[in-house]
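Each residue of the sequence shown is one higher than the one before, starting from 0 at the first, in numbering that gives the first Met the number 0.
Written out below as structure tokens is the structure these notes cover.
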Amino acid sequence: MASVHESLYFNPMMTNGVVHANVFGIKDWVTPYKTALLVLISEMGRDLSLLERRSPIRLHERRSLNRLLLLLLQGPDMTLSRLIKAIEECCSQLASVVQIRIKLMAAGELKDMEQFFDDLSEAFSRPEPDVHKTSVVGLFLRQMILAYNKLSFSQVYKLYTALQQYCQEELKKSSGEEAEMELAHGEGLDPKIEKDDFDGPLREEEISCNGPLSQKQAEYFLSQQASLLKNDETKALSPASLQKELNSLLKFNPDFAEAHYLSYLNSLRVQDVFSSTHSLLHYFDRLILTGAESKSNGDEGYGRSLRYAALNLAALHCRFGHYQQAELALREAIRIAQESNDHVCLQHCLSWLYILEQKKSDSCVLLEHSVKKAVHFGLPYLASLGIQSLVQQRAFAGKAASKLMDALKDSDLLHWKHSLSELIDVSIAQKTAIWRLYGRSTMALQQAQMLLSMNSLEAVNVGVQQNNTESFAVVLCHLAELHAEQGYFASASEILKHLKERFPPNSQHAQLWMLCGQKIQFDRAVNDGKYHVADSLVAGITALNSTEGIYRKALVLKAQSQMSEAHRLLQKLLIHCQKIKVTETVIRVLLSIAKLHLRSLCHTTALPILLQALALSQEYHLQHLASETILNLAFSQLMLGIPEQALSILHLAIEPILAHGTVLDKGAAMFLMAKCQVASAASYAPPKKAEALESAILNLNEAQAYFANVDCKEQLRDTLYLQARLFHSLGKAQERNQCAMLFRQLNQELPVCEVPLINAFK
0 MASVHESLYF NPMMTNGVVH ANVFGIKDWV TPYKTALLVL ISEMGRDLSL
50 LERRSPIRLH ERRSLNRLLL LLLQGPDMTL SRLIKAIEEC CSQLASVVQI
100 RIKLMAAGEL KDMEQFFDDL SEAFSRPEPD VHKTSVVGLF LRQMILAYNK
150 LSFSQVYKLY TALQQYCQEE LKKSSGEEAE MELAHGEGLD PKIEKDDFDG
200 PLREEEISCN GPLSQKQAEY FLSQQASLLK NDETKALSPA SLQKELNSLL
250 KFNPDFAEAH YLSYLNSLRV QDVFSSTHSL LHYFDRLILT GAESKSNGDE
300 GYGRSLRYAA LNLAALHCRF GHYQQAELAL REAIRIAQES NDHVCLQHCL
350 SWLYILEQKK SDSCVLLEHS VKKAVHFGLP YLASLGIQSL VQQRAFAGKA
400 ASKLMDALKD SDLLHWKHSL SELIDVSIAQ KTAIWRLYGR STMALQQAQM
450 LLSMNSLEAV NVGVQQNNTE SFAVVLCHLA ELHAEQGYFA SASEILKHLK
500 ERFPPNSQHA QLWMLCGQKI QFDRAVNDGK YHVADSLVAG ITALNSTEGI
550 YRKALVLKAQ SQMSEAHRLL QKLLIHCQKI KVTETVIRVL LSIAKLHLRS
600 LCHTTALPIL LQALALSQEY HLQHLASETI LNLAFSQLML GIPEQALSIL
650 HLAIEPILAH GTVLDKGAAM FLMAKCQVAS AASYAPPKKA EALESAILNL
700 NEAQAYFANV DCKEQLRDTL YLQARLFHSL GKAQERNQCA MLFRQLNQEL
750 PVCEVPLINA FK
């Protein structure tokens, strides 16, 4: 019994009026749509030859037609109405001529179509042919003529019948549109036909053509969708629609390896581990079976496919968190690569080995060795990725920012030298994250704006810019958080809305903006005193990041005065973070534990914890956390009765907070400054005391403005309380009454504070 492939080879297929002419090895066939393209090319050639025509095609129209023709030759088949509309936008006169000629051919006899193809064959036999035979259009014409000449009489008749159906469908559609236009005109509406963007990717309803795609059309479709998945996932077909088209391609040609690989990428979008593994294995199987690898080296092509298949399988398992299976696949890839002496594959394996090893222990030496080898073998992409991974590891290890930026400068030289635009974006996004980590919000904002305003060097097909990558998602999330920290919640909301449009919830980078949006909403709810709203957001944060979710749950418990439960959660989280060596979270947890002690009026027990947090912050150059720790230290010293020492410590942190801190930190610093001034003024002479109180009132006004920007009602209430007390001490009754009235309004909205207001801090 003959196999399926043999039956397809000896029996040409006829599907939905499409005649397959690949019986003799031709990789293309004649369809009604391609016949219409041949008519368009013929009319363009006649316009060049007939100089006596009254209104020939103008130069700019011909340029537009040439650009359109390239897209039409590469793209899938489309309806006649859409084809005519596309030609009309370039040259309306030529569109009407093409439409009339196609309809006359379909309405005539079979010999009219045969005569048309005979005339095409004569186009190359002229002394000065209209189309050069080696050009893109010339190759297309030769392929169509050859495919048509190979057809039997019955196949020619089926092609003619399909051409008639092709025109009849267009007539039915146009008559229906005319009826709708008349109805709309009768109702007094103004119908407008929207301009289709033919330079952009095709819509889902335009992909399905009258039959299976030719090899060139299929290759163009696969490359287009793969480019969209990489650079702009929103413009690619939806996962279900893309998989449907891929299944159609694979049904026609099961050994199409590239279709299996695109199916693998499509399955990764929806986190389908079974389908992605299945498609990846089929891709490498078909790559070997179809002989796509080099046959000149004997078994080299076969071995190359095996080792890269194992390497890709390791990357797949690593992406889904299956580290044990990834390690087994990586060992297999290393073994085969060593047997074949493939240094390039070994360097890729070394890079993935670092990723697996960093889950267990410090693999800095392994990474440095990988970078040196990549430079030695001339692999700039791997070398740059290694440098950036090394910078990231050094940042978490607490190295100085100047050394990290010098290393990234060397990486940028590789990017610009080899035009690695994708890694340029990654480098700028990493600089943004490093400056945020080190508490330099101004520098982080500058880097974020640089990436958003930078034009990509990589030429992306179908008019898609390379701005929907993970780097842009990371930078936009940082930008939203920076705006929210400064009280610009409307701007942060607009950025998140843009992120949601650019990265839909089903896309692979959507978790970034989801977590960012949840954190911003949580901070707003806590600042506003709506702890029940903040508690409802904890579940969503935990689903996206378990560590962050537990930390936020402890903050809610602290705000609700459930001290023992909050302390228990923070202690468990501290042990976990110390184990996995996340220093930033360790410091944040230590600060939260210290604040629990401060809120419980245990200032002496909070001091060792604050000193430990300060030592870690300064060791790892985390300026933001160091400044916050100093504020808490100053507050504890104020409560211990040494306001002069608190003021001297506070002056160390006030400058970086006002330069790079959040609005809430600025308000807390000015509020604490005012309280320290009031406490220090107790021993002053009356004139000097009055001057100190006036200065404290000015600081409270500034703190009040900061708290109002972030709608932090609890701190605003405390500020008004202290301000009213100061106005009362200075004998300013009108100002005192104004502050007292505002305080009463806020106090009625917020729950009663369990500690004296003068002792409250942040």
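The beta-carbon is built from N, C-alpha and C at its ideal position, and this holds for glycine as well.
Using CA atoms only, rank isn't needed, just tell me which of the options is closest to residue i.
i      : options                           : result
THR233 : TYR437, PRO503 and ALA217         : PRO503
LYS243 : TYR487, LEU366 and SER266         : SER266
ARG81  : LEU69, GLN73 and ALA94            : ALA94
HIS650 : MET638, ASN631, MET672 and LYS110 : MET672
TYR32  : ARG62, TYR705, ARG57 and GLY74    : GLY74
GLN510 : THR541, LEU630 and ALA85          : THR541
GLU850 : TYR720, LEU745 and ASN746         : Here the chain has residues from 0 to 761 only, and residue 850 is not among them.
GLN446 : GLU326, GLY548, ASN252 and MET404 : MET404
ILE377 : MET43, HIS347, ALA146 and ARG393  : Checking the sequence, you will find Gly at residue 377 rather than Ile. Minimum Cα distance to GLY377 is reached at HIS347.
ALA309 : TYR260, GLU331 and ASN505         : GLU331
ALA691 : ASN700, GLU701, ALA702 and CYS675 : CYS675
VAL581 : ALA396, HIS281 and ALA258         : ALA396
SER765 : LEU384, GLU713 and THR441         : The question about residue 765 has no answer, for the chain in this structure spans 0 to 761.
ALA325 : LEU69, ALA667, LEU366 and TRP351  : TRP351
PHE251 : SER275, LYS229 and GLN214         : GLN214
GLY516 : GLY539, CYS89 and ASP534          : GLY539
Tell me which same chain residues have a C-beta within less than 7 Å of the C-beta of residue i, skipping the five on either side of it?
i      : result
ILE494 : LEU475, LEU478, ALA479 and HIS482
ILE586 : ALA612, LEU615, SER616, LEU621 and LEU624
GLU51  : The pLDDT assigned to GLU51 is 41, lower than 50, so where the model puts this residue is not dependable, and the model offers no usable value.
GLU627 : LEU590 and ASP664
VAL662 : GLU484, GLN485, GLY486, TYR705, ASN708 and VAL709
ARG435 : ALA443 and HIS477
LEU138 : none
ILE335 : GLY302, LEU305, ARG306 and ALA309
SER728 : LEU692
Secondary structure at residue i, three-state DSSP: helix, strand or coil?
i      : result
MET453 : coil
GLN224 : helix
PHE670 : helix
THR233 : helix
CYS601 : coil
TRP28  : coil
THR584 : helix
GLY74  : coil
VAL677 : helix
HIS131 : coil
LEU267 : helix
ALA399 : coil
GLY548 : helix
LEU721 : helix
ASP341 : coil
Over the uninterrupted alpha helix (DSSP H) stretch that includes residue i, give me the two end residues.
i      : result
SER535 : 530 to 543
GLY516 : 509 to 526
GLN242 : 238 to 251
GLN387 : 379 to 395
GLY320 : It is not in any alpha helix (DSSP H) - GLY320 carries neither H nor E in the DSSP assignment.
ILE86  : 79 to 89
ARG501 : 488 to 501
TYR779 : Outside the shown range of the chain, which is 0 to 761, sits residue 779, and nothing can be said about it.
CYS476 : 469 to 484
CYS711 : Per DSSP, CYS711 belongs to no alpha helix (DSSP H) and is neither H nor E.
Excluding five sequence neighbours on each side, which residues of the same chain lie with their C-beta closer than 8 Å to the C-beta of residue i?
i      : result
GLU500 : THR233
LEU450 : ASP424, ILE427, ALA428, THR431, SER470, PHE471 and VAL474
PHE255 : ALA217, LEU248, LEU249 and ARG285
PHE742 : ARG716, LEU719, TYR720 and ALA723
GLN570 : ILE592
Within the present structure, is the beta-carbon of residue i separated from the nearest heavy atom of the ligand ATP by less than 7 Å?
i      : result
GLN611 : In the structure shown, the ligand ATP is absent, as is every other ligand, since no ligand is present at all.
So, at 6 Å on beta carbons, what are the nonlocal neighbours of residue i in its own chain, with the 5 sequence-adjacent residues on each side left out?
i      : result
HIS602 : SER635, MET638 and LEU639
GLN559 : TYR530
GLN163 : ALA105
LYS372 : GLN346
SER492 : none
PRO655 : GLN622 and SER626
Which ranges does the alpha helix (DSSP H) cover as unbroken runs of at least 4 residues, wholly within the segment 603 to 640, from first to last along the chain? Listed in chain order, they are 622 to 638.
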